[in-house]
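Sequential numbering of the sequence shown, starting at 20, is according to our numbering.
Working notes, beginning with the structure itself.
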Amino acid sequence: MIKRFFTWIIMVLFVSLGLQAQQPTRTIPDVSPVLLVNDPLSIEETIFYAPPYLQNPVDGGITVMWQTHVPTYSWVEYGTDKEQLTVARTLVDGQVICNGLHNKIRINGLEPGKTYYYRVCSQEILLYQAYKKEFGATARSPFYTFRLPDEKETDFTALIFNDIHKREATLNGLYDLVKEIPYDFVFFNGDCIDDPATEEEALYHIAMQCKKVNASSHPVFYLRGNHEIRNAFSIGLRELFDYVGDKTYGAFSWGDTRFVMLDCGEDKPDSTWVYYGLNDFTGLRQEQVGFLQKELKNRAFKKAKKRVLINHIPLYTQSTREAFHPSRDLWEGLLKKAPFDVNISAHTHHHAYVAKGEDGNNFPVVIGGGNRLEEATVMVLQKKGKEMTLRVWNGKKELIYNIKL
Ligand SMILES: [Fe+2]
């Protein structure tokens, strides 16, 4: 009887120890992650939600964003030499922004044309009190690289996806078609994180999409489509990005090419009952009249060798002439003579090409496809020297447009 009792005690001990070994604990020893490769869950896996993603690579700076599973104090270590790193962190009103799950850290004063190494670091905060703080383990990401172009640089390659509508298989299929092409940055031209209900849902898809296009090393521009304005988390979505100029529309230069991004808002009038009076995109579109007027006179725009206009809802097509088209009504006067080389749009789920002049457009218009792989498209906008080209593949691996711009 006594022997059986001891055998039972030993079994209980084994089972409980085994369970403890499998569960990640919040208190993790601060040791090099390299030593933990055989552990069930490394410090990095316990702390980081996903790899970092680069945003807003303008004006000699870039924003590094990432999220964590636990509250942390986070910073970025960066430099042109991995042995001589500078620390960047977010300070507001003299205080480090920490003890949360979201990290948005701006690095400024970067030298164009130089390759920078960086890694993100997050130290768990176990206790944050007025007079006492306790810290846990520090997770460090691998080193990634980025590079900002010199203003005279002539070459770039950008990938453009649109209307993914959170379909992982569509993005995977499209990316497979272009993955051998080296690229500098990526646009998601709207309706890619559609109708986000919760932060959890939005984060999952941003992480999935950013990981797919390797946004840790290639900056990503998320343009807002009409579906990013819908559902409960649509209001919070902007916190997961760092928009150029902190607005959903804006302009930036990549080398000697100027990009202008416009936000067309919703695709129905503000008075439509499903919006419950909570939208004023009439005002937002009007605001962009002023922005466009200013941008078209801007020195950076004028001296650019090529100019690209990108927006989600098409401004030019026969269908928009007959339907609700407030953006066109407001902006077409300004765009009539604007020297853009191409306008890239999305939204209709039917790819299309509108030749210059066909619909009052002063530049060719290319509209991307839909969300099912068979009808979806991926675009490669490339500039080499003075020549800019736009190639568009559909999900059936067919090169449907190959346009010299
Ligand atoms: Fe759309």
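Glycine is no exception: its CB is placed at the ideal position from the N, C-alpha and C atoms.
Bear in mind the structure is a predicted one, so any value in this text is a computation, not a measurement.
Return the first residue and the last residue of the alpha helix (DSSP H) that residue i is part of.
i	result
residue 345	345 to 354
residue 221	218 to 231
residue 64	62 to 66
residue 102	Residue 102 -> no alpha helix (DSSP H), and no H or E assigned at all.
residue 188	187 to 197
residue 308	300 to 316
Whose CA, out of the options, lies closest to the CA of residue i?
i	options	result
residue 396	110, 412, 133, 220	412
residue 238	207, 327, 407	207
residue 180	168, 169, 197, 172	197
residue 129	167, 147, 100	167
residue 414	189, 262, 399	189
residue 288	160, 305, 301	301
residue 132	422, 203, 195	203
residue 310	298, 295, 322, 280	280
residue 294	245, 329, 334, 366	245
residue 235	222, 162, 260, 304	162
residue 355	232, 376, 368	376
residue 212	265, 182, 68, 232	182
residue 319	272, 365, 348, 335	272
residue 141	148, 215, 123	123
residue 381	326, 253, 247, 297	326
residue 77	125, 103, 102	125
residue 160	148, 68, 175	68
residue 393	154, 102, 110, 192	192
residue 323	265, 62, 402, 410	402
residue 104	63, 164, 270	164
Would you identify the three-state DSSP class for residue i, choosing helix, strand or coil?
i	result
residue 72	strand
residue 118	coil
residue 390	coil
residue 47	Any reading at residue 47 must be qualified, since the residue scores a pLDDT of 33, below 50, and its modelled position is unreliable; the value itself is stated next. Looking at residue 47 - three-state DSSP - the assignment turns out to be coil, as it is neither helix nor strand.
residue 330	strand
residue 268	coil
residue 159	strand
residue 235	coil
residue 407	strand
residue 319	helix
residue 278	strand
residue 250	coil
residue 413	strand
residue 294	helix
residue 258	helix
residue 263	helix
Between which two residues does the beta strand (DSSP E) harbouring residue i extend?
i	result
residue 420	418 to 423
residue 164	163 to 166
residue 179	175 to 180
residue 359	That residue, residue 359, is in no beta strand (DSSP E); it is neither H nor E in DSSP.
residue 143	134 to 147
residue 372	371 to 373
residue 4	Shown here, the chain extends from 20 to 424; a query on residue 4 therefore has no answer.
Cβ atoms of residue j and residue i: under 8 Å apart, would you say?
i	j	result
residue 173	residue 404	yes
residue 184	residue 390	yes
residue 170	residue 80	no
residue 11	residue 258	In the structure as shown, the chain begins at 20 and stops at 424. Residue 11 is therefore absent and cannot be evaluated.
residue 144	residue 91	yes
residue 222	residue 86	yes
residue 305	residue 334	no
residue 384	residue 353	no
residue 371	residue 209	no
residue 399	residue 116	no
residue 298	residue 285	yes
residue 230	residue 70	yes
Any heavy atom of ligand 2 within a distance shorter than 7 Å of the CB on residue i?
i	result
residue 344	Only ligand 1 can be found as ligands here, which leaves ligand 2 out of the picture.
- request: Evaluate the contact criterion for the region 133 to 141 versus the region 95 to 115: three or more CB pairs, one atom per stretch, below 8 Å.
  value: yes
- request: Decide yes or no for the touch test of the region 359 to 373 against the region 414 to 424: beta carbon pairs closer than 8 Å, at least 3 of them.
  value: yes
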